[in-house]
Amino acid sequence: KQEVTQIPAALSVPEGENLVLNCSFTDSAIYNLQWFRQDPGKGLTSLLLIQSSQREQTSGRLNASLDKSSGRSTLYIAASQPGDSATYLCAVGFDTGNQFYFGTGTSLTVIP
Amino acid sequence: NAGVTQTPKFRILKIGQSMTLQCAQDMNHNYMYWYRQDPGMGLKLIYYSVGAGITDKGEVPNGYNVSRSTTEDFPLRLELAAPSQTSVYFCASSQTGTASFSGANVLTFGAGSRLTVL
Numbered sequence: 001k002q003e004v005t006q007i008p009a010a011l012s013v014p015e016g017e018n019l020v021l022n023c024s025f026t027d028s029a030i031y032n033l034q035w036f037r038q039d040p041g042k043g044l045t046s047l048l049l050i051q052s053s054q055r056e057q058t059s060g061r062l063n064a065s066l067d068k069s070s071g072r073s074t075l076y077i078a079a080s081q082p083g084d085s086a087t088y089l090c091a092v093g094f095d096t097g098n099q100f101y102f103g104t105g106t107s108l109t110v111i112p
Numbered sequence: 001n002a003g004v005t006q007t008p009k010f011r012i013l014k015i016g017q018s019m020t021l022q023c024a025q026d027m028n029h030n031y032m033y034w035y036r037q038d039p040g041m042g043l044k045l046i047y048y049s050v051g052a053g054i055t056d057k058g059e060v061p062n063g064y065n066v067s068r069s070t071t072e073d074f075p076l077r078l079e080l081a082a083p084s085q086t087s088v089y090f091c092a093s094s095q096t097g098t099a100s101f102s103g104a105n106v107l108t109f110g111a112g113s114r115l116t117v118l
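Sequence order for the protein chains is A and B. Be aware that the first sequence starts at 1, since it is given in the working numbering, and climbs by one per residue. Be aware that the second sequence starts at 1, since it is given in the working numbering, and climbs by one per residue.
1. Give the residues of chain B in contact with A/T104, contact being defined as C-beta atoms less than 7 Å apart.
2. Under 9 Å, CB to CB, which of the residues in the segment 34–65 of chain A have a partner in chain B?
3. At 9 Å on the CB atoms, spell out the chain B contacts of A/N98, in chain order.
4. Using the DSSP secondary-structure output, state which residues sit across from A/L49 in a beta bridge.
5. Which one of B/V106, B/V88 and B/L80 has the shortest CA to CA distance from B/S18?
6. Quick check: is the beta carbon of B/G53 nearer than 7 Å to any beta carbon in chain A?
7. Please work out which residues of its chain come closer than 8 Å, Cβ to Cβ, to A/Q38, disregarding the five sequence neighbours upstream and downstream, and give them in chain order.
8. Let me make sure I understand the geometry here. Which of B/Y31, B/G97, B/N105 and B/A92 has the alpha-carbon closest to that of B/G112?
9. Inspect the CB distances between the segment 62–79 of chain A and the segment 22–37 of chain A and report whether three or more fall short of 8 Å.
10. Would a C-beta distance cut-off of 7 Å place A/I50 and A/V92 closer than the cut-off?
11. Looking at the secondary structure, which residues open and close the beta strand (DSSP E) in which A/E56 lies?
12. Extract the residue ranges of the beta strand (DSSP E) inside the segment 58–115 of chain B, only unbroken runs of 3 or more that lie entirely within it.
13. Could you name the residues of chain B that A/L89 contacts, counting a contact when the two beta carbons are closer than 9 Å?
14. I'd like the list of long-range same chain contacts for B/P83, defined as Cβ closer than 6 Å, with 5 residues on each side in sequence excluded.
15. Can you tell which of B/F74, B/D26, B/G53 and B/S69 has the C-alpha that lies nearest to the C-alpha of B/I46?
16. Under the three-state reduction of DSSP, which class applies to A/G83: helix, strand or coil?
17. Under 7 Å, do A/N63 and B/T98 count as touching if we go by C-beta distance?
18. For B/F109, return the contacting residues in chain A, with the cut-off set at a CB-CB distance below 7 Å.
19. If you pair each beta-carbon of the segment 56–70 of chain B with each one of the segment 27–45 of chain B, do three or more pairs fall below 8 Å?
20. Step through the CB atoms of chain A and report whether any lies within less than 7 Å of the CB of B/G112.
21. Taking the CB atoms as reference points, tell me whether A/V20 and A/S80 lie closer together than 7 Å.
22. At the level of alpha carbons, what is the spacing between B/T108 and A/P8?
Laid out in structure tokens, this is it:
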């Protein structure tokens, strides 16, 4: 069974700090991995998509890295802001099916 | 651009009632998905469709049915609602499936439908 894990479940940091969110997956045979942001009571917004052949993707203050051999991805947020407060989820597209498997998310709070 | 539209946003059902959650997308996406999200849990796939007339089960299909008669619409039917179906339901779409290296498999989500079964 494919599993995706995100640790920690919650994280609180002061404004301006750089931070890293983690995503682990059980099978290194993946097509791609996506990072999403979810605000309370809202749907998910795609942040970054990283293909299995790529090592990282960047968008503004966000940088996602992928290490297939160790089954890990990280989402780096630079110079955090209170507006970054949300839940961040990763979703993995394994090559054994046609669905994305989601982690349980990390709830981020950036304190002004 | 509407993207993915879900209705209703909120609904309370009694045990044994039935209802349909509606999902429509205007991006001409081939793939559509229904997920449920329970507190503290990740999203679990209920059903998905790779195109009009083609649907398949996800991880947690029991108690649900789907149909896809058009590219735009992908309704989710709950038959004989049970308290275990209390959840937030998300519809999503993408141009391609997971096996894509073009970036066309980025998922676009609706705002969600919160269902309570009492």
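In this text, a Cβ means the ideal position worked out from N, Cα and C, and glycines have one as well. A quick note: this is a predicted structure, and the numbers were derived from the prediction, not measured.
To lay it out plainly:
1. By Cβ distance, chain B contributes G40, M41 and G42.
2. The residues in question are Q34, F36, Q38, G41, K42, G43, L44, T45, S46, L49, Q51, S52 and S53.
3. Identification of chain B residues near A/N98 by a Cβ-Cβ cut-off of 9 Å yields Y31, Y48, V50, D56, G97, T98 and A99, ordered along the chain.
4. Bridge partners of A/L49: A/Q34.
5. Taking B/S18 as reference, the option from B/V106, B/V88 and B/L80 with the minimal CA-CA separation is B/L80.
6. So no, B/G53 is outside the interface.
7. Non-local beta-carbon contacts of A/Q38 in its own chain, meaning distances under 8 Å to residues more than five positions away in sequence, involve L44, T45, A86, T87, Y88, L89 and G105 in chain order.
8. It is B/A92.
9. Judged by Cβ distances under 8 Å, the segment 62–79 of chain A makes contact with the segment 22–37 of chain A, as three or more pairs qualify.
10. Result no, Cβ atoms of A/I50 and A/V92 do not sit closer than 7 Å.
11. Counting along the chain, the beta strand (DSSP E) containing A/E56 begins and ends at E56 to S59.
12. Runs of the beta strand (DSSP E) inside the segment 58–115 of chain B: 64–66, 76–78 and 87–94.
13. Near A/L89 (Cβ distances below 9 Å), the residues of chain B are G42 and L43.
14. Cβ within range, chain order: V117.
15. Comparing alpha-carbon positions, the option among B/F74, B/D26, B/G53 and B/S69 lying closest to B/I46 turns out to be B/F74.
16. Shown here, A/G83 sits in a helix according to DSSP, grouped into three states.
17. For the 7 Å CB-CB criterion, A/N63 and B/T98 do not form a contact.
18. Within chain A, the residues near B/F109 are G43 and L44.
19. These segments touch.
20. B/G112 counts as touching chain A.
21. With respect to the 7 Å criterion, A/V20 and A/S80 are not classified as neighbours on the basis of their beta carbons.
22. Cα-Cα distance, rounded: 25 Å.
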